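Number of protein chains: 2
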Amino acid sequence: MSDLLERLRGRGWRMTAQRRVVAEVLDGEHVHLTADEVHARAVTRLPEISRATVYNTLGELVSLGEVLEVATDKRAKRYDPNAHRPHHHLVCARCGAIRDVHPNGNPLADLPDSERFGFAVSDVEVTYRGVCPDCASA
Amino acid sequence: MSDLLERLRGRGWRMTAQRRVVAEVLDGEHVHLTADEVHARAVTRLPEISRATVYNTLGELVSLGEVLEVATDKRAKRYDPNAHRPHHHLVCARCGAIRDVHPNGNPLADLPDSERFGFAVSDVEVTYRGVCPDCASA
DNA sequence: ATCCTACAATGGACACTGTCTAAGTCAAAT
DNA sequence: ATTTGACTTAGACAGTGTCCATTGTAGGAT
């Protein structure tokens with residue numbers, strides 16, 4: 713994710729130890745942490761980082777389009793660093809595990825004009841639910 | 713929605729003034745209230761109804777399959793009484809207005825086995841986002 | 001190398017959403 | 001009318017997120 717740090721610096725983002733740590737924590741595939749989980753992991757690397765800073769930084773990353781907010785469970789928002797390849801989510805109904813998925817077709821095209829109520833529809837978010845292999849065998 | 717009350721009574725649901733009021737508040741099409749909005753409206757009809765009762769009653773209606781929980785915005789859960797006709801949602805990105813929509817096709821079929829990660833996929837939820845006519849003209 | 005200053009971080013208070021509990025109340029079966 | 005167990009209540013509590021005044025600092029200017 714050093715390319716992320718590069719991109720951000722190129723946009724005039726002021727680099728601080730806290731922001732670097734947050735970006736590092738978010739690195740990887742199939743990462744979908746809540747803000748407090750990000751904070752917990754960040755603290756192990758930078759003990760004095762505050763919760764407010766993590767929230768602020770996550771909010772900025774979302775505004776910059778580098779990270780997506782995901783509302784798959786109905787509790788906390790989760791943050792998904794995989795913002796540059798469009799994808800949807802598959803969530804385990806029991807344990808909450810989340811995988812990124814790429815369905816066929818284009819759901820946007822499946823919403824006829826008669827069902828758009830005059831909206832300018834620009835985006836669609838698909839959440840599949842099921843039971844993951846671990847929970848099924850338990 | 714008196715048919716709802718009938719159905720519930722038929723299932724041995726004990727009828728109380730509070731439950732009746734909650735069910736009445738939820739009546740209608742394109743209704744997607746948060747729990748506290750339901751409480752606010754219920755209070756106008758039954759001033760002493762408590763927040764806990766509204767939460768309990770909504771939870772029971774969800775368990776009974778009479779009302780759906782919807783997580784379209786990332787704040788509070790919303791409750792959708794339109795549980796008997798499957799549908800998805802179209803949300804205004806500015807004002808949060810929500811409409812029920814019925815897209816073509818079956819998104820479940822669009823998730824190939826190779827993208828299921830061994831999950832037993834049982835459900836899919838589609839949220840379209842855009843700008844509603846009111847917000848577009850403002 | 002040092003200084004400045006605007007931007008960032010801190011931490012604690014606050015707000016919102018939702019859950020829980022103990023005690024009181026009431027619908028409905030008898 | 002009585003009884004009983006389910007329902008309701010009020011308020012405390014927990015988790016998530018926001019805000020603000022203060023303090024600290026990155027990075028450009030000197």
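Protein sequences, first through last, are from chains Z and C. Using the numbering used here, read the first sequence as starting at 713 and increasing by one per residue. Using the numbering used here, read the second sequence as starting at 713 and increasing by one per residue. Note that the Cβ used here is the ideal one computed from N, Cα and C, for glycine as well. Everything numeric in this text was worked out from a predicted model, so none of it was measured.
query	result
Contact with chain Z by V743/C, beta-carbon distance below 8 Å	no
Neighbour list for V774/Z in chain C, Cβ cutoff strictly below 7 Å	Simply none; closest approach about 11 Å.
Burial state of G842/C (16 or more Cβ within 10 Å)	buried
Whether T756/Z touches R731/Z by CB criterion (8 Å)	no
Contact check, C807/Z vs D846/Z, beta carbons under 8 Å	yes
Residues near G777/Z by beta carbon distance below 8 Å, same chain, minus five either side	A795
At least three beta-carbon pairs within less than 8 Å, the segment 785 to 794 of chain C to the segment 806 to 824 of chain Z	no
Boundaries (first-last residue) of the alpha helix (DSSP H) holding T881/Z	Nothing in the structure corresponds to residue 881/Z, since chain Z is present only between 713 and 850.
In DSSP terms, what I810/Z is bridged to	V803/Z
Partners in chain C for Y791/Z, counting only beta-carbon separations shorter than 8 Å	In chain order: nothing, as chain C lies at least about 11 Å away.
CB of E837/Z within 8 Å of CB of T839/C, strictly	yes
E827/Z, buried or exposed, once every other Cβ within 10 Å from all chains shown has been counted against 16	buried
Any C-beta of chain C under 8 Å from that of A850/Z	no
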